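Below: one structure, written as structure tokens.
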Amino acid sequence: MMEMSSALIMLVTATNIVWSANLTAPADGGESLRSRVNSRADTGKRVLPPGVCSTNGFSPTGLSDCVCNFAGACDLNTGAKTAAAKKDLTNLDGVAPKDMDQFAIGTPSSVGTICEGGTVAILYDCDARIPLYAATVIEGANAGGKFKRKDCWKRSTDLQLLGNKNLLAEDKDYSNLNTRFYCYEDSASSNLLQWDGQPCPIPHPKLSIHRGHMIAAQYGQGHGQQAGVDATFTYTNAVPQIGPFNSGKWRVAESGVIKRATNCQQNAAKNGHDAKVYVVVGVVPSSFVGEPRFFGSAGFGNFQGMSKTTPLKDYRVSFPEIMWTAGCCIHTDGTIAEKFAFWRRNWPTKDAVRQFSSASGMFADIQTEITKAWPTITFKVPTIFPEETNCE
């Protein structure tokens, strides 16, 4: 099993990169880190004051809403919104995942809820410029559809966010993705350092970085139309992912979700029912666990703001330390047919994706691993399916 660590030691040769784990906890601890992150420089003038994230919510006026992407928010057969959902259609308090805002860089007011095309419901951290989680529902009958993947990225459909574009990631943050140095600029010394804090070797090691989907494009197929796939190509549904991670075992795990949805539909059909698979994908940002990394046009830095060594380039987007997925398949007669979860570090290693039979089991494992590496870092285990507790 993979051990959680406080840092990666990157051993570099002229032709390849070898990774191992350094199990020593960070010397400055969690609290000093949080102070350092929260005092970072901004990358541009804000229309809104820092710490405020104004969005249109999960049910934007006049647009397709994302309410039914959450288990327990809509009737399984008619699609009518439940009483629990109607209490708060903007944020779905009590239906949407709980306690995910604790992973934000700033205060809970620095996050907002977004609906992208009715397909992707997002809790978005405006300061970090990444989603903390994204949720969708895969209609079992539509799983494995054949709509085209256009790979055309856009900022967002949320009109409030588009009015303050500095809070969004953009194309320039993800430019030249195949030639990024896998070292980071240190805020104190302005030197390029390896992940273990040692000087970056020359020539600098390179590694591909991806605009990684939270809700995968193939999950968007589950909405039964091309627009469902297109909606996944928004920067509010993306985080920087290590290329070998995203195109390797994580993609295999994502394909496994589609297989689960197909099997669940087939089993439901035997009894004259359909199936819905509710999927939530989330992150634990590096800015939370103890070793902040931010990504942008300048590459990687351990601070958020303009690079001190590369003119006119910056580090705007928080880099995820951990990616996780939780799912629950429900037949339209109300039967909880299957629940599953998996997670992995966003590292360029060959570690397996860690699989679990429940979201609660997965988070217990994540919490244990974080505590091993960063004893001062604590968090409340989130509730992913609060209205369908049997899915936990």
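Counting in my numbering, the sequence shown runs from 1 upward without gaps. From the three backbone atoms N, C-alpha and C, an ideal C-beta is built for every residue, glycine too. In this text the structure is predicted, and so the values were computed from the model without any measurement.
Burial state of residue i (16 or more Cβ within 10 Å)
i: S287; result: buried
i: T309; result: exposed
i: V279; result: buried
i: N237; result: buried
i: G163; result: exposed
i: D151; result: exposed
i: Q221; result: buried
i: Q398; result: This structure gives no information on residue 398, because the portion of the chain shown stretches from 1 to 392.
i: L76; result: buried
i: G334; result: exposed
i: D93; result: exposed
Beta-carbon spacing of residue i, residue j below 8 Å
i: Q102; j: F319; result: no
i: L208; j: G243; result: One detail in the question is off: residue 208 reads as Ser in this sequence, not Leu. Closer than 8 Å, so yes.
i: I322; j: V353; result: no
i: C74; j: A80; result: yes
i: A341; j: C329; result: no
i: R129; j: A71; result: no
i: A253; j: T232; result: no
i: K276; j: E369; result: no
i: V111; j: M214; result: no
For residue j and residue i, the rounded distance between their alpha carbons
i: T332; j: V120; result: 21 Å
i: V317; j: K270; result: 46 Å
i: T389; j: A227; result: 31 Å
i: D230; j: T325; result: 21 Å
i: P311; j: G301; result: 14 Å
i: G290; j: Q266; result: 44 Å
i: I105; j: D196; result: 23 Å
i: L63; j: V95; result: 20 Å
i: L177; j: T78; result: 44 Å
i: D124; j: C264; result: According to the sequence displayed, residue 124 carries Tyr and not Asp. Straight-line Cα distance between these residues: approximately 30 Å.
i: P60; j: S54; result: 12 Å
Three-way DSSP call (helix, strand, coil) for residue i in this model
i: F342; result: strand
i: W374; result: coil
i: A169; result: coil
i: Y235; result: helix
i: G248; result: coil
i: A268; result: helix
i: F295; result: strand
i: R211; result: strand
i: I384; result: coil
i: S307; result: coil
i: Q218; result: helix
i: F103; result: helix
i: S64; result: coil
i: K81; result: strand
i: K87; result: coil
i: G57; result: coil
i: S357; result: coil
Extract the residue ranges of the beta strand (DSSP E) inside the region 106-193, only unbroken runs of 3 or more that lie entirely within it.
111-116, 120-125, 130-139
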